[in-house]
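Input: a single structure, listed below in structure tokens.
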Amino acid sequence: MKIIEYDDKYRDDLIFMILEAKDAIGKIPNLTPDLLEIEKHYINNGGKFWIAVDDADRVIGSCGYLPVNNDEARLKRLYVKSSLKRQGIGSKMLHFAEEYLKSVGKKEVGIHLGEKRYYFESYGFYAKRGYESSSDRCMYKKLL
4 MKIIEYDDKY RDDLIFMILE AKDAIGKIPN LTPDLLEIEK HYINNGGKFW
54 IAVDDADRVI GSCGYLPVNN DEARLKRLYV KSSLKRQGIG SKMLHFAEEY
104 LKSVGKKEVG IHLGEKRYYF ESYGFYAKRG YESSSDRCMY KKLL
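So the sequence shown is numbered by my numbering: it starts at 4 and just counts up by one.
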């Protein structure tokens with residue numbers, strides 16, 4: 004597995020992976036506008052978007068971020084291919100994103116999660132990695 008910056012040639016594979024991941028947790032698969040135009044919503048707004056690809060160059064994970072201010076960033080769209088969960092892909096992507104954010108001077112990172120009934124695994128995933136709840140669906144971590 005390698006983590007690379009998003010390229011439009013992976014668009015359809017990324018979309019399929021995310022729809023499949025949502026379906027696997029019992030959520031009606033849908034796409035938000037940001038995933039249809041990653042460059043417009045992330046890159047052009049000062050953020051980044053990365054994908055994890057396997058040895059066959061297929062998308063198996065994703066993670067993006069947008070800046071909130073000089074010190075804070077918001078993680079977005081951390082997904083892992085449903086059949087490959089619990090193999091360390093999400094942890095590697097999160098670590099990669101956090102290290103990048105530290106390198107550009109961010110001191111805090113947050114994530115807005117969906118409803119717990121669908122994303123209960125996500126709440127546990129972030130809590131195990133030092134994120135703390137601050138409101139109903141938000142978790143934050145200080146980057147040291």
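Note that beta-carbon positions come from the ideal geometry of N, C-alpha and C, so glycine has one too.
As computed with DSSP, arginine 77 is found in a beta bridge with Leu69 and Gly113. Per DSSP, reduced to three states, the secondary structure at methionine 4 is coil, with no helix or strand assignment. Within the same chain, and ignoring the five residues on either side of methionine 20 in sequence, the residues whose Cβ sits closer than 6 Å to its Cβ are Val62 and Lys84. If you look at alanine 100, you'll find it in the alpha helix (DSSP H) that goes 92-106. Following the DSSP letters along the chain, one finds isoleucine 41 inside the alpha helix (DSSP H) bounded by residues 41-44. Residue pairing of lysine 144 in beta bridges, as defined by DSSP: Val112. Excluding its 5 nearest sequence neighbours in each direction, methionine 96 has C-beta neighbours in its own chain below 8 Å: Ile6, Trp53, Ala55, Gly64, Ser65, Cys66, Leu81 and Val83, listed in chain order.
For the set Tyr121, Ile114 and Lys79, the Cα lying nearest the Cα of isoleucine 41 is the one of Lys79. Apart from sequence neighbours up to five positions away, the residues of its chain that approach glycine 29 with a beta-carbon distance below 8 Å are Tyr121, ordered along the chain. Per DSSP, isoleucine 28 lies in no beta strand (DSSP E) and is assigned neither H nor E. Nearest Cα to leucine 116 within the set Ser106, Lys109 and Gly127: Gly127. Taking C-beta atoms as the reference points, alanine 76 and leucine 87 fail to come closer than 9 Å.
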